[in-house]
Every structure is written in C-alpha cells, then in structure tokens.
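J.: Quick one: the structure is below, questions incoming.
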Amino acid sequence: MDIFRVLSLGTTVGKAGKSAPSGALPSSGSRANAQLFHDDVGTTRGTKRKRAAQNEEDGSDEEDVSDLDFFAPKDTTKGVKKASAPPKTTQNLKPSPKAKLLDEDECKQILRSHRLKFTLLSAGADKKSKVKKSKKKAKAAAKEVKSDKKQLFPQPLQAFSELRSTYNISSRLADNLDAQGYREPTEVQMAGLPLLLDPVRALGSALGEDVPTESVDFMGVAPTGSGKTVSFLIPAINSIMKRRAGSEDRKVHTLEAVIVAPTRELANQIHNEGLKLTAGTGIKIAAMRKGMRIVAEDGVAEVEEKESESESSDGSEEEESGSESDEDDSTKPVTKADILVTTPMLLLNFLNKGKTKRTIPSVKSLILDEADVLLDELFRDQTIGIWTACTNPELHLTFWSATMGSNIETLATEQLKTHYKGLGTASKPLIRLVVGLKDTAVPNVTHKLTYTATEPGKLYALRQLLHPVSGSEKGPSLRPPFIVFTQTIDRATALHEELKYDIPIEAGGSARIAVLHSSLSDSVRSNIMRRFRLGEIWVLITTDVLARGVDFAGVNGVVNYDVPTSAASYVHRAGRTGRAGREGGVAVTLYTKDDMPYIKTFANVIAMSEKQAGKEESKVLRALLDALPDVKKEDKKKLKTRGVESRRTGAAMITSKSTWERKKEHNRKAAIKESRKRKSA
21 MDIFRVLSLG TTVGKAGKSA PSGALPSSGS RANAQLFHDD VGTTRGTKRK
71 RAAQNEEDGS DEEDVSDLDF FAPKDTTKGV KKASAPPKTT QNLKPSPKAK
121 LLDEDECKQI LRSHRLKFTL LSAGADKKSK VKKSKKKAKA AAKEVKSDKK
171 QLFPQPLQAF SELRSTYNIS SRLADNLDAQ GYREPTEVQM AGLPLLLDPV
221 RALGSALGED VPTESVDFMG VAPTGSGKTV SFLIPAINSI MKRRAGSEDR
271 KVHTLEAVIV APTRELANQI HNEGLKLTAG TGIKIAAMRK GMRIVAEDGV
321 AEVEEKESES ESSDGSEEEE SGSESDEDDS TKPVTKADIL VTTPMLLLNF
371 LNKGKTKRTI PSVKSLILDE ADVLLDELFR DQTIGIWTAC TNPELHLTFW
421 SATMGSNIET LATEQLKTHY KGLGTASKPL IRLVVGLKDT AVPNVTHKLT
471 YTATEPGKLY ALRQLLHPVS GSEKGPSLRP PFIVFTQTID RATALHEELK
521 YDIPIEAGGS ARIAVLHSSL SDSVRSNIMR RFRLGEIWVL ITTDVLARGV
571 DFAGVNGVVN YDVPTSAASY VHRAGRTGRA GREGGVAVTL YTKDDMPYIK
621 TFANVIAMSE KQAGKEESKV LRALLDALPD VKKEDKKKLK TRGVESRRTG
671 AAMITSKSTW ERKKEHNRKA AIKESRKRKS A
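Per my numbering, residue 21 is the first one in the sequence shown, and the count goes up by one each step.
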C-alpha cells in the first residue's frame, strides 16, 4: 500500500501527478536527444560549446519537424513562440568553412565519449590457405587472430553541416537532409558517415601505407532506432550523384546500389526514406515488386521465355500459384533505377528465372540491412545468390544490424574473401563499428518480466494491460499504441479474435485492434501499416515479421505475448519502442512455466541494458537471475528453430473458454457433421 497515495486522496497533488507521465511517452511527439551516450571522458573542446550555441539558435526549426501528438494538452505558449519566431531562411544550408582534421587524441576522446568502437576485422591481405589443424592449435590460432584485431580511431562527424563543408556531399542532398530535420548526428551516423563518404580522409594513415583505403567494406552494429537507414542511404546517394556529375548524360539511370532487407515492410520503409532524400536529385530509387524487370547483363534474358514458360515457382513467399510466365514478363517495360530496394527472394527469383542465370555487373554497392538474419540459415542461400550476381570489381559491401553474432561476422569475412578471389581482385579492409554494448537492448526502454503460470494467465495479464487499474503497479505503465508479438500466425489470429471486442465502441471498438502477418496480401499489410502510423489502430498483433527494422516513432510499448526465439529477437522486438532516443517506452514479456528453461536468456539482456543505462542493479532481477536455470545450448537451438513446442502443436490454445465449453462446442460440430453425412447418403 502506498501510504502517501492514501493520505493525499482529495488533494490537488494527485491530479497534478496524474497527467505528468503523459509527456514522457514516445507518442507525445517530443524529440529527445538523438545521441544515446555522452560520457565525460575528459575536458570538453571549445568547438562543442560553439556547436551547442548553434543548436540553441536552431531550436525553432526543430519544433517545426517534431512529431504531432493529437492527444497532448493544449500548450498556450506555443503560439507565442511561433508568432515571434523569424521566418526560416537558408542560412544554415550554406557550407561552413572546411573543418580541420582532429588529431588522434581528440578522435579518441569523442569516440569514447559516445561509446564508439572501431575494429579492423580484416586488413584485406590475402592469407594462404589453411591446413587442417588440431583443436588445440585451432584454439590458439583463434586467440592469436582475436588479439591481432586492430582498434581504429577515424574522424567523427560532429554536425550534419559538416557533410557539405568537409565531405562535399551534393547541395541538393544537404538541403533534403535539412528539410527532414537532421541537425545532430546519432552515434552510428557520427562514426559511420565519414568512413563511408571519404575513407581516405576519415582514416588517414591509420591502416598503414600497404593497405588501400580508397574503398572499405563496413559492418555497423548499432542499437535499434539509432538512424542506420540514413547512414547507408547518404553514401549510396552521394556516390551516384558524383558519378552523374562527371557524366555527359545525367539522365541515364544505371543500377549502382542494391539494398536487401528481410521483409516487405522494412523494404517499403527504406524505399520511402530514400524518396525523401532523393527528391530533386534526379536519382531514381525503386522498390522491387513481383514481375518487375531490371537491367541485367544479358539484356533481361528475353531468349529464355520459351524454355522457362513451363517452369513452376520455387514456393517462396513472394511467389504465388498464379504467377505470370516469362513470356508475359517479357512484355513488361524494364525498370531503370539507380538504387533498388528488395527482399532476397524477389530479386533472386528474377536473377534465376529461366535457363541462364543473370548477373548485375553495374552494381557497385551491396547493402545488407539486418545482415545477421540475411546471413542466417533462413535467408543465407538467397543472400549469397544475390551477392554472387554482383560481379563488378569495384563492389563494396556494408552490413547493418542491431545484433551481430560472431558466427555471422566470421561468415561475412570468409564470404568476402571468396568473392574477391572469384573476381580476381584485391580484397578491401573490413571495418566493424560497435555502438555501446554489443547485442544489447536500447537503454531508454523499461523492461518488465511478468510470470503468468499458464496460457489463460497470459490472456488475463494482457487484458490487465489493456484496462489498467490505477496504482496497480509501480513504474511506467503500458499505454496504447503498442505492438503484441506472438510465435506463430495461428496464435496471432487467435489472439486478435479473442481481443477485438475488448475496446469499447465509444473508443472505436474492434477497428482499434488489428493483426498483421505474412499470410496477408500486400495491399492488406500496407493498409494496416498506414492505419497504425496514423494512429487509427491502437493495438497491433503480429509475428516477427515486424520485429526488425520497421520504425514507428510513436509506439509506447511492446508486449512479448510469446517469448522471443533468441536474445537477438528480444533486442529487435523491444527496439520497436524508444526510437531515436525517445523516453518512456515499455517492453513487457509474459512467460509461463513452459518458458522457464529459456527465460534467463532474456533476463541477461535486460540486465545488460540496465547496466548500459547506468541504472542500479534491480534486486528483483538479480534474484531472478540467481534462481533461474542456465539455458542449455541445445535448448537455445531448439527455441530458435522451433519456438516453444507446445505453442506449435496447439496444446496451448489462446481462448478464454473453459475446457468443458470447448468440448461441448466440439461435440456439437461433430454432431452437425455426422448429420450432414447421413442426409447426403
């Protein structure tokens, strides 16, 4: 019992405190500091104070680009500020004097302050083929390789204005960035953009004279919602604009960059962000669709139409039974784009369609977003198939994700060596950037583990989250809009059927709850995404199809109705809230006795997240970690590939009906079925 709450009943203190938390929610629209980390590692430099003063002057501009909150209380001072604010000018678009290079100590100070760590994973030197070694020698060699990894301290980007003055990006691209409200770079943008735009300037002589730095392969591991999409779009757009500036015909579109994402929703989101940044540049960015044709090496392979007409599809998610034949495809116009955004199977189906495999030799940049899942077993063959089709000797790769296992890093390194060896070209340096603690959830989200014992208990707990009782729980409460994750499509559908009438008609009724999964058509999925972004849907029930990359700025929380299949999956699910440093996000995980063998995995992730945020260790979490059993390696593998088995077989049903009611309904349906059989006989 909260004695202060009891004693203060009927006073104005409770009323004032009641509305206070609303301003700290991600849906409130207020932009928090884009940078998650800023440790005090030494004396601050004078340029930082100047930059802080400049940010104060630009404060009125940031207000214009902030997200709207349609449910926020009226601000009486807002109109006064707008009336007195001077009209926006293009003064901040003018390039400032070229910044001087920072010395190594200054770079170290800034990078360490923002918890940025660069590591040279591969120097690009071709090593001799390895002879099979004993386990003891292999372990010793692995330790030696690990110790050989060099730490780098390249030049950081301290403000977006430096992109134009120091790194000479296009003025139109700089204007588009300014129009979208980009002022202060996030950690991944601060560290990654200089290296990708101008590696020679960013690295200097850090790699030595023998290692070429004109082009590098890059691996970026940064928290969810930290701005990775912009970090790979800007270099891709800028390199194409540089090429077109030196070309005689600037209207010719040549496919130079391919961006691969694991889901259609993420691919569409990247495409939309790319449209904003390429506005007015003349660059065409396209999203791959079923049946689309792009320019390939053999002229889109029209000679194959008769041979492949009778061939059926390989059963991929993107292909349907009613797919068109190659003869029909050959009549479609060729889509000419500079940047192509695609899912793996859509592009691979086009490249492999017919008797002869196509290649795309014009591609100079291959970008793998959510690279850890693209190089995992599910998408690995498809991703490497696209990788192999990119035969340009100048090809460079970038890998991006919030989680990157050591096995994925090793696979990427070995595949890079194989690719360069096949092309007969010298391999490029592979540099990895890690922001904060590797494979950890964002520090600005509150995590909760709720034990419900049984499946009906989970349904009851979720209804409590939908209809909270005042003062029932300490800490931040979960408020709509939020996302609910389930293990399978069937469970997502069943949960939607169970909850769709839980919201009163006065508040919108069943229209406020929706379900989204991969079995729905593209148009239905797009419509649900649009309605959720507009705030028409308050509770979105889904599978892991929305767990990665998709950006919803105003999502207040995440509910893991079914436990994630891995620690990485937990990080990505929890990362759907607390985007871009917004405070107040909540991630709730409901678990039953069937989940007990796996729950310590997620408790460890939560503990690391709280440590990264600088919070004191929770006694409850520590007691839970001490009490929970260690997760076995085979259990981790089983969970990742199959999930919790009882939820696949249907033993754990999502329903509020009792066993007796379900049995009665089952018998009634069986009786009706038998009656129909007798009548038809």
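Where is the CB? At the ideal position from N, CA and C, for every residue including glycine. Computed from a prediction, not measured in an experiment: that's the story for all the values here.
For E636 and R667, what's the separation of their Cα atoms in angstroms?
T.: Going by the C-alpha atoms only, they are around 36 Å apart.
J.: The alpha helix (DSSP H) spanning M239 covers which residue range?
T.: First-last for M239: 237-241, but that is the beta strand (DSSP E), not the alpha helix (DSSP H).
J.: Quick test of your reading: T508 and T563, contact by CB under 8 Å. State the CB separation rounded to the nearest angstrom.
T.: Right, the Cβ-Cβ distance comes to about 7 Å (below 8 Å), so this counts as a contact.
J.: Determine the direct distance from the alpha carbon of Y581 to that of H537, and round the result to whole angstroms.
T.: Computed Cα separation, rounded: 15 Å.
J.: Just reading off the alpha helix (DSSP H) that S421 is part of, what are its end residues?
T.: Premise fails: S421 lies in the beta strand (DSSP E), 416-421, not in any alpha helix (DSSP H).
J.: Are the beta-carbon atoms belonging to T433 and S676 less than 9 Å from one another?
T.: Cβ distance not < 9 Å, so T433 and S676 don't count as in contact.
J.: Runs of 4 residues minimum, wholly inside the stretch 164-237: which ones carry the alpha helix (DSSP H) assignment?
T.: Here the runs fully enclosed are 182-185, 191-199, 207-217, 219-223.
J.: Within 10 angstroms of its Cβ, does K697 collect 16 or more other Cβ (buried), or is it exposed?
T.: By the neighbour-count rule (16 or more Cβ atoms within 10 Å), K697 is not buried but exposed.
J.: Using C-beta distances below 6 Å, list every residue in its chain close to Y590, excluding the 5 sequence neighbours before and after it, in chain order.
T.: Excluding residues within five positions, the ones whose Cβ falls inside 6 Å are P584, F622, V625.
J.: As a quick exercise: from P364, E429, N464, P381, pick the residue whose alpha carbon is nearest that of L398.
T.: Minimum Cα distance to L398 is reached at P364.
J.: Counting Cβ pairs, one atom from each stretch, are 3 or more of them under 8 Å apart for the stretch 638-647 and the stretch 608-616?
T.: Judged by Cβ distances under 8 Å, the stretch 638-647 makes no contact with the stretch 608-616, as fewer than three pairs qualify.
J.: Tell me whether F505 sits in a helix, a strand or coil according to DSSP, three-state version.
T.: Three-state result, F505: strand.
J.: Is the Cβ-Cβ distance between H134 and M210 less than 9 Å?
T.: Yes, Cβ-Cβ distance for H134 and M210 is below 9 Å.
J.: For my contact list, E204 and A179 are in at a C-beta cut-off of 8 Å; report their separation, rounded to the angstrom.
T.: At roughly 7 Å, the Cβ-Cβ gap stays under 8 Å, so E204 and A179 are in contact.
J.: Indicate the three-state DSSP secondary structure (helix, strand or coil) for Y440 in the structure shown.
T.: DSSP places Y440 in helix when its eight states are reduced to three.
J.: Expressed to the nearest angstrom, what Euclidean distance is found between the alpha-carbon atoms of L450 and L172?
T.: Roughly 12 Å separates the two Cα atoms.
J.: For the putative contact between W558 and P500, defined by C-beta atoms under 8 Å, what is the C-beta separation to the nearest angstrom?
T.: The pair is a contact, with the Cβ atoms about 4 Å apart (cut-off 8 Å).
J.: Over the uninterrupted beta strand (DSSP E) stretch that includes S142, give me the two end residues.
T.: Taken as a continuous stretch (DSSP letters only), the beta strand (DSSP E) holding S142 covers 136-142.
J.: For the structure I just gave you, are there three or more beta carbon pairs, one from the stretch 434-442 and one from the stretch 540-551, closer than 8 Å?
T.: Because the criterion of three Cβ pairs below 8 Å is not met, the stretch 434-442 and the stretch 540-551 do not touch.
J.: Excluding the 5 residues flanking F57 on each side, which residues of the same chain have their C-beta closer than 7 Å to its C-beta?
T.: Hits under 7 Å: H134, R135, E207, G456.
J.: Give me the DSSP bridge partner(s) of V664.
T.: Note: V664 sits in no beta bridge, so no partner.
J.: If I measure Cβ to Cβ from A600 and keep anything under 8 Å in the same chain, skipping five residues before and after, which residues do I get?
T.: Result list for A600: R51, A52, A54, T206, G245, S246, G247, A573, in chain order.
J.: Tell me whether the beta-carbon of L297 lies closer than 9 Å to the beta-carbon of V361.
T.: Taking 9 Å as the Cβ cut-off, L297 and V361 do not qualify as a contacting pair.
J.: From K70 to I130, what distance separates their C-alpha atoms?
T.: At K70, the pLDDT of 44 sits below 50, so the modelled position is not reliable; the number obtained from the coordinates is stated separately. Cα to Cα, the separation comes out at about 15 Å.
J.: May I have the straight-line CA-CA distance separating K630 from S638, to the nearest angstrom?
T.: The amino acid occupying residue 630 in the given sequence is Glu; Lys does not appear at that position. Between E630 and S638, the C-alpha separation is close to 9 Å.
J.: How many Å lie between Q402 and Y202 at the Cα?
T.: Taking the straight line from one Cα to the other gives about 35 Å.
J.: Do S421 and T301 come within 9 Å of each other at the CB atom, strictly closer than that value?
T.: No, the pair does not count as a contact, with Cβ atoms beyond the cut-off.
J.: According to DSSP, is R499 helix, strand or coil?
T.: Coil at R499, not helix or strand.
J.: Which residue wins for smallest C-alpha separation from T418, given the options K684, N258, V278?
T.: For the residues K684, N258, V278, the minimum Cα distance to T418 belongs to V278.
J.: Could you say which of L213, R192, D60, D195 lies nearest to L453 if we only look at CA atoms?
T.: Taking only the C-alpha atoms, the option nearest L453 is L213.
J.: So is M424 buried or exposed if we call it buried at 16+ other beta carbons inside 10 Å?
T.: That one is buried.
J.: If you check the beta carbons only, do V606 and R593 fall under 9 Å apart?
T.: For V606 and R593, no; Cβs fall outside 9 Å.
J.: Count the other CB atoms within 10 Å of the CB of R662; is the residue buried (16 or more) or exposed (fewer)?
T.: Exposed, by the Cβ-count rule.
J.: In angstroms with no decimal places, state the Cα-to-Cα distance between E76 and K128.
T.: Here the model assigns E76 a pLDDT of 42, short of 50, so the residue's position is not dependable, and the following value carries that caveat. In a straight line, the C-alpha of E76 is about 26 Å away from that of K128.
J.: Between L659 and Y618, which are expected to be in contact by the criterion C-beta below 8 Å, what is the C-beta distance as a whole number of angstroms?
T.: Between Y618 and L659 the Cβ distance is about 5 Å, and since that is below 8 Å, they are a contact.
J.: Taking 8 Å as the cut-off, is the beta-carbon of N464 closer than that to any non-hydrogen atom of the ligand ZN?
T.: Only the bare structure without any ligand can be found here, which leaves the ligand ZN out of the picture.
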